[in-house]
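Residue numbers (our numbering): 23 to 182.
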Amino acid sequence: MIITLVGLAAYWSVLLLKKSPKGHRATNFLVFTLLGVITTESFVLGFGALRQLMARPEYPLFVNSKIAILTIGGPVSWIAAIMTFAAIPLLAARKPLGWWLALIAGLSVAAAGLPTHFVRQATADYLIGAIMGIVLAAILLVPVVKQRLLGTFQEPSAVL
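Written out as structure tokens, the structure is:
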């Protein structure tokens, strides 16, 4: 836990100590924190699904709904983890591809997490991941946020 907090503090310091307008810092803080947390959550959920499938070798594919949902949800979680991991440096470089990867990954996490949560109902991990994916996608779709992330935002000039 301490190692995680130290890493998170270093991550946040890079985001918050850069000289930029407060709106840019707030946008970067929110979006990049969500990207980092979703990357970790998706990676862990992918391993959890694989672990559940490997613990039941007599049920290899679509034997019942709980196994079927893990067969789909696990790989989608891993793909979303790769996409959010790739989106971080691309968004830091203000590339539109980073925005698209983050948006698609957020929606993918939600699409995989919601059904998995409601079919399995074993833990709230998939629900938490889905909520974070929805929040990330909603934030990315706000035009001002997209403009700030891609470097096309123009600060309004002060009216005298």
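Every residue gets a Cβ at the ideal spot worked out from N, C-alpha and C, and that includes glycine.
Keep in mind the model is a prediction, meaning the values are calculated, not measured.
Continuous alpha helix (DSSP H) stretch holding A77: start and end
Per DSSP, A77 belongs to no alpha helix (DSSP H) and is neither H nor E.
Using a Cβ-Cβ cut-off of 6 Å (strictly less than) and excluding sequence neighbours within five positions of G95, which residues of its own chain qualify?
Within its own chain, the residues whose Cβ lies closer than 6 Å to the Cβ of G95, once the five positions on either side in sequence are excluded, are A71, A134, T138, listed in chain order.
Anyone know if the C-beta pair for A132 and A152 falls short of 7 Å?
Yes; because the gap between Cβ atoms is below 7 Å, this pair is in contact.
Give me, in chain order, the residues of the same chain whose beta-carbon lies closer than 7 Å to that of A124; leave out the 5 immediate sequence neighbours on both sides.
A distance below 7 Å between beta-carbons, with the five flanking residues on each side excluded, links A124 to the following residues of its chain, in chain order: L57, T106, A109, L113, L158, L162.
Where I156 and A77 are concerned, what is the direct C-alpha to C-alpha distance, given to the nearest angstrom?
Separation of I156 and A77 (C-alpha to C-alpha, rounded to the nearest whole angstrom) is 30 Å.
Do you know offhand how far K117's Cα is from P97's?
Taking the straight line joining both Cα atoms gives about 26 Å.
State yes or no: is the C-beta of S130 within less than 7 Å of the C-beta of A102?
Cβ distance < 7 Å, so S130 and A102 count as in contact.
Heavy atom of the ligand NAP within 6 Å of L136 beta-carbon:
As far as ligands go, the structure on display features none, and thus does not contain the ligand NAP.
Can you round the beta-carbon distance between F54 and L37 to whole angstroms, since I take them to be within the 8 Å contact cut?
Between F54 and L37, the beta carbon gap of about 6 Å places them in contact (Cβ cut-off 8 Å).
Using a threshold of 7 Å, state whether the C-beta atoms of R47 and K88 are closer than that.
For R47 and K88, no; Cβs fall outside 7 Å.
Simplified DSSP state of A146, which is helix, strand or coil:
Reduced to three states, the DSSP call for A146 is coil.
Extent of the continuous alpha helix (DSSP H) run through V164
Neither: V164 is in no alpha helix (DSSP H) and is coded neither H nor E.
Within 10 angstroms of the Cβ of G29, are there 16 or more other Cβ atoms? Answer buried if so, exposed if not.
Result: exposed.
Could you check how far apart the C-beta atoms of I60 and M154 are, in whole angstroms? I think they sit under 8 Å.
Indeed, because the Cβ distance is near 5 Å, the residues count as touching under 8 Å.
Out of Y33, F140, K41, E63, point me to the one whose CA is closest to L52's CA.
It is Y33 whose Cα lies nearest to the Cα of L52.
In three-state terms, what does DSSP make of P97?
Helix.
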